[in-house]
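J.: What the sequence shown shows, in this note's numbering, is residues 677 to 875, in sequence order. Cβ atoms here follow ideal geometry from the backbone N, Cα and C, with glycine treated the same way. Note that the structure is predicted; figures quoted are calculated from it, not measured.
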Amino acid sequence: MKKFLLYLYIPQKRNKYKVNNMIDDNIENNEQTINDIAEEIVETANPEVTALKAEIEELKDKLIRTTAEIDNTRKRLEKARDEAKDYAIATFAKELLNVSDNLSRALAHKPANSDVEVTNIIAGVQMTKDELDKVFHKHHIEEIKPEIGSMFDYNLHNAIAQIEHPDHAPNSIITLMQSGYKIRDRLLRPATVQVVKKP
């Protein structure tokens, strides 16, 4: 008899689940329908809600634009900070260029035959010039020393005279008067040159 009761109980349990599922589905559908109808009533009955929704969308758009503007400003400030860091010593470096030039001139005119004291002084001047060149290199300061015969570049050179010369092309450099310098990609001082005049 127990087997028979168990057999009868199982179908009843299945039907019970089906009925419960159908009730749950109807409740969910009714809730969705009620929510949809409630939203529609609120939107049509109250124009302020529509206006407030439009204002919310406008404020969201302003927030997005303001956030983008703040981000762009931050990037510009970071770039300006990096440039300021890279070029902060430019004014000081310009003043040191004359010191470098004078040391180079002193070394270019050293006497051929000299005693020990003069040789030691020249060695000291050479060490000072070498140390200054190391500091320039450390701070990305490069010498602009154009080759004779190379073409004049108005971005890097300053022509102070034009000379006729049959062996060189017009607008080529014939004499280097003074080396130029740049810090990274920014010109500190153009190289002073003489160029070949056009015939």
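Would you call the region 828 to 844 and the region 724 to 744 touching, i.e. three or more CB-CB distances under 8 Å?
T.: These segments do not touch.
J.: Restricting to runs no shorter than 4 residues, where is the alpha helix (DSSP H) found entirely within the region 790 to 838?
T.: Listed in chain order, the complete alpha helix (DSSP H) runs (minimum 4 residues) inside the region 790 to 838 are 792 to 814.
J.: Counting only C-beta atoms, is K729 closer than 8 Å to chain B at any point?
T.: Looking at the structure shown, chain B is missing, and only one protein chain is on hand.
J.: Going by DSSP, what residue range makes up the beta strand (DSSP E) through R865?
T.: Taken as a continuous stretch (DSSP letters only), the beta strand (DSSP E) holding R865 covers 862 to 865.
J.: DSSP three-state label for I859, please.
T.: It is a strand residue.
J.: Express the C-alpha separation of D791 and F828 in angstroms, rounding to a whole number.
T.: Their backbone Cα atoms lie some 43 Å apart in a straight line.
J.: Could you tell me which residues DSSP puts in a beta bridge with L852?
T.: Answer is V869, bridged to L852.
J.: Reducing DSSP to helix, strand and coil, say where A845 ends up.
T.: If DSSP states are grouped into helix, strand and coil, A845 belongs with coil.
J.: Looking only at its own chain, which residues have a Cβ that is under 6 Å from the Cβ of L852, when we skip the five neighbours before and after it?
T.: So the list reads V869, once near-sequence residues are dropped.
J.: Locate the alpha helix (DSSP H) running through P723, then write down its first and last residues.
T.: Looking at the DSSP string, the run of the alpha helix (DSSP H) that includes P723 is 723 to 763.
J.: Leaving aside the five residues before and after L783 along the sequence, list all residues of the same chain whose C-beta is less than 8 Å from its C-beta, in chain order.
T.: Hits under 8 Å: I798, V801, Q802, K805.
J.: Out of Y830, L779, L773, point me to the one whose CA is closest to E818's CA.
T.: Per the Cα distances, L773.
J.: Closer than 8 Å by C-beta to L832: which residues in its own chain qualify, once you throw out the five before and the five after it? Chain order, please.
T.: Around L832: I820, P822, G856, K858, L863, P866, A867.
J.: Mind checking whether I836 and V872 have CB atoms under 8 Å apart?
T.: No, the pair does not count as a contact, with Cβ atoms beyond the cut-off.
J.: Keeping to the same chain, check which residues put their C-beta closer than 7 Å to that of K694; ignore five residues upstream and five downstream.
T.: Note on K694: pLDDT 49, under 50, position unreliable in the model; the coordinate value appears next. So the list is empty, once near-sequence residues are dropped.
J.: With K770 as the anchor, note down where its alpha helix (DSSP H) starts and where it stops.
T.: That run of the alpha helix (DSSP H) goes 766 to 784.
J.: Would you mind working out which of H813, E745, H844, Q854 sits nearest I765, comparing C-alpha positions?
T.: Nearest of H813, E745, H844, Q854 to I765, Cα basis: H813.
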